[in-house]
Amino acid sequence: MRYRYRGRILALVFNTIAALAIVAPIPGYSDDEGVRVMARCGGSGAAASQVSLAAALTRSDRLDAILLAPAGADIVEEAARTSCELAVDVSSETLPSGEARSSWSILDTLTGAVLAQGVVEGPEPSERDLADFWWIPVVGAAEAALPKVTRTLVRIDGYPGTVITGQAGKQRGGLAEGPLVIPDTGSLEIPLRVPGTYPWRATSPGAYPERGYFGALEQGASMIIPRRPIRPWTLEAGLYMGQFPDFWAMRSLGNDQWFLRFGLTQFLFGLYLVDEQYLVQTPSAVLSMPLVQPGVGIGGYLLPKDAYLRPYWSADVFARLLLLHDLSPRLDTIAPMGIGAALGSEWSITERATVFLELGAALYPFCNGFLMAASRSGYDSGPMAIVYGTVWFLELPVLRVGARFTL
Amino acid sequence: MTVSAHRQNGVASGFIALMAIAVSALAASCWHPTFDPMLSASEATVQKLGDPTVYFTAENVQQWGLDNAWFLPPMVDTPAVGLLVMDMGAKLAFRSIPTIDTINHTGWVNTASGFEIPNTMSDAYLAYAAPDGSSNAFVSTHISEAQIVQMSDLSNSSMVLPGTNTQGSFGIGVVAESGPTATIACYAYDALSLEPEYETRTAWSGGTPTTAFTIDPGTVLAFSSAAQVTVPGKFLAAGTYLYLSCGLSDGSRTIFRWALATADTIEPIQYTEDYGPLIGALSDGRLLAERDGIISVLDANLVRLFKFPAGTLRFVHERYDSLNARMKVVFTRTFFVKTSTHDDIGTLKVEIYEIPTADLANLAD
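Order-wise, the sequence lines are chains A and B. Under my numbering, the first residue of the first sequence carries the number 1, and numbering increases by one thereafter. Under my numbering, the first residue of the second sequence carries the number 1, and numbering increases by one thereafter.
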């Protein structure tokens, strides 16, 4: 009963960690710069010429790019999605008197607010009229509305090659959709609406990812992207099955995506908290066994360093070293070595310290499976299941908790 | 304006993670490593001993009493019966293994005919197979009692051992001779007369040695420190010496050695138990001591000749191999594998290993 209860707890813990790992934010990416305007001209008559409207807007030296709104799309939504500052929406018609009328409005793409609106009326315009003067009030209104939504150039200083994006799951404000890359000069100027607050995330080879909020409050605002070079060595102190202290050193590889590690699991000292049983002497709470397991392993992180929970996998190979009194250290002849595999997740509590929890299994190949099973028959073996054959032995789950400290 | 980066704290996620770690640690705190140092130690020597002479498994055996059980075979080439000795500290329980199929390697533990006796001698109790190869065992666990137990059905005959009924310190042991006989040695300290006495009986081949052990009046032992002996131990007649491995009233342990020819007149030499209590002796006069699962083979002066890891591999006796006219040291290894997660039943496996006495040094580690 007690084992089943603990088994449910372990399953709950595993599911909790897995769920947190899944919902942990993942990095996002986007694009653009310059003043972009989205235009749409519908209705009837000669003035319902989207091309002539776009051409007129293009001639403005204050507008950098004109995008035509896709048919059927909400112009504000589409303009916001494509990082346009303004949306120009025109509806033309031919009046019963034979004159033409174009009703226009200038829209803020972030809020949808109407910044300006008006009407152009006159005799049915020819193509030349459309090119020469028909849209002059519209262009003027767009240029006049620009300061209400305009961006100013801000400077970002950082390590060359640093890639800046927004943060997944957060509003970008006016930050570009695509990644920005710091050039070799180490400085980048981009247009941003001021005032504004921009969540950002920066990655750079050989450095930890950085993230933060850029508060662009005034003209000439600048931001420095910090850079913390990856520290290659991490020390790890864990509790094997929550009972036996073990120690590992990890070497970060591949821009902190992989790691090599080596260390020691020891059973010379540990906790052994079993329930009291009638007519059975309760063993000491401290258990000491002459066995240590030096090992080496590899692993990989499934999310970058700045994730809230950082899932990882690892695989180790270890030796079982006997330290019997009065004898020289030697490999355990029953099971000389083992292979461990685990899935885990770590959570940063400070810049250099993380705590972790991992669940896995241990396989002992080339062993005497029957003797391994006999090695545990006399003990309360807790919430662990075993499967074995003639020359192999598998035990799971293997649980480890502990902390890592980056040097 | 410069805006520095700052980390976003997933406070809720962190709290959950810490709670998960704490709960997991508590859930796992009763786990025991898959490791038995005694079994691992035995395996190192087993690999030098080679294949067992006989091995068998018994299925659906109750785990009760098997944590420290061992197998005593008769002194024959291929044992077909045996005695399972279940050492539970203050008492011993015995089970017969009436049949051993040496072809199919199966056996049967007869749980219907077992019996239990109190053990006042801790690890120094005696359970020894008859040297003549019969399926009798000589069992002694108390100053005044011993039994001859028939392995196949556990029928037994009780006897008084030694003759005195007075409570005092006690020691007993059997050492094989170069042939199908053995020497039994017994020591008793009479708490009324305050006289330490001993008796040896050579050429014991089996059967009931009742009449051979009437110590009182026996041979008085020159032993002025007799009153200090509080913990009984092995009393062995090996070579030309008598040895008593015992505990003293101050809590220490020691080994006394007398020259057999002058044991009644000359006080013993006292040695420290550097390698653990004596557990037996061989027909060539060498002694066996064991501590922490390591058996040390000592010469007559208690100098270690070599050692080897034994763990659950138990020295049970030395027997005469009549076919090859040589003595062999016999070890047995007994272990249990639980096969049910709900009931304490499982598989009992017994292995018997032999090595010629002259080759015992091949086990040296």
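The beta-carbon is built from N, C-alpha and C at its ideal position, and this holds for glycine as well.
For residue 140(A), the enclosing alpha helix (DSSP H) covers residues 136-149. Put simply, the CB of residue 365(A) is far from chain B, with every gap to its CB atoms at 8 Å or more. Residue-level contact check: residue 290(A) touches chain B, since one or more beta carbons of chain B fall below 8 Å from its beta carbon. A Cβ-Cβ distance of about 6 Å is found for the pair residue 39(A) and residue 66(A), placing them in contact under the 8 Å criterion. The three-state secondary structure of residue 372(A), taken from DSSP, is helix. For residue 197(B), no alpha helix (DSSP H) run applies; the uninterrupted beta strand (DSSP E) run containing it begins and ends at 195-204, by DSSP. Nearest CB-CB separation between residue 372(A) and chain B: below the 8 Å threshold. By the neighbour-count criterion, in which 16 or more other beta carbons inside 10 Å mark a residue as buried, residue 310(A) falls on the buried side.
Within chain A, 332, 333, 334, 368 and 371 have C-beta atoms less than 9 Å from the C-beta of residue 43(B), given in sequence order.
Looking at the DSSP output, residue 314(B) bridges to 332(B). In this structure, the beta-carbon distance from residue 315(B) to residue 363(B) does not fall below 8 Å. Between the C-alpha atoms of residue 189(B) and residue 76(B) there is a straight-line separation of about 36 Å. Closer than 8 Å at the C-beta level to chain B, one finds these residues of the stretch 238-265 of chain A: 239, 241, 242, 243 and 244. Within the same chain, and ignoring the five residues on either side of residue 140(A) in sequence, no residue has its Cβ closer than 6 Å to its Cβ. In the three-state DSSP reduction, residue 182(A) falls in the coil class, being neither helix nor strand. Taking one beta carbon from each stretch, the stretch 259-272 of chain A and the stretch 187-200 of chain A have fewer than 3 pairs nearer than 8 Å; the two do not touch. Interface annotation for the stretch 271-283 of chain A against chain B: 271, 272, 273, 274 and 275, criterion Cβ-Cβ distance under 8 Å. Between the stretch 131-144 of chain B and the stretch 105-119 of chain B there are three or more inter-stretch CB-CB distances shorter than 8 Å, so the stretches are counted as touching. Note on geometry: alpha-carbon atoms of residue 233(B) and residue 290(B) lie some 13 Å from one another. DSSP places residue 39(B) inside the alpha helix (DSSP H), whose first and last residues are 37-49. Between the alpha carbons of residue 340(A) and residue 296(A) lies a distance of about 10 Å.
Per DSSP, residue 50(A) is one residue of the alpha helix (DSSP H) stretching across 50-58. The C-beta distance from residue 400(A) to residue 32(B) rounds to 16 Å, too long to fall under 8 Å, and the pair is not in contact. Sequence-distant Cβ neighbours of residue 259(B) in its own chain, meaning closer than 7 Å and more than five residues away, are 240, 241 and 266.
Counting of Cβ neighbours within 10 angstroms places residue 388(A) among the buried residues, the total reaching 16 or more.
For the set 218(A), 373(A) and 369(A), the Cα lying nearest the Cα of residue 392(A) is the one of 369(A). With the criterion set as a beta carbon lying under 7 Å from some beta carbon of chain A, the members of the stretch 33-57 of chain B are 33, 34, 35, 36, 37, 39, 40, 41, 43, 44 and 47, in sequence order. Straight-line measurement puts the Cα of residue 243(A) at about 22 Å from the Cα of residue 332(A).
Residues of the stretch 382-397 of chain A whose Cβ lies closer than 8 Å to any Cβ of chain B, in chain order: 382, 383, 384, 386, 393 and 395.
Between residue 226(A) and residue 305(A), the C-beta gap is not smaller than 8 Å, which leaves the two residues out of contact. Here residue 165(A) carries a strand assignment [DSSP, helix/strand/coil]. In this chain, the beta strand (DSSP E) harbouring residue 112(B) covers 106-118.
DSSP places residue 355(B) in the strand class (E or B) of the three-state scheme.
With 16 or more neighbouring CB atoms inside 10 Å of its own CB, residue 314(A) falls in the buried class.
For the 8 Å CB-CB criterion, residue 191(B) and residue 238(B) do not form a contact.
Burial state of residue 75(A) is buried, judged by a 10 Å Cβ sphere holding 16 or more other Cβ atoms.
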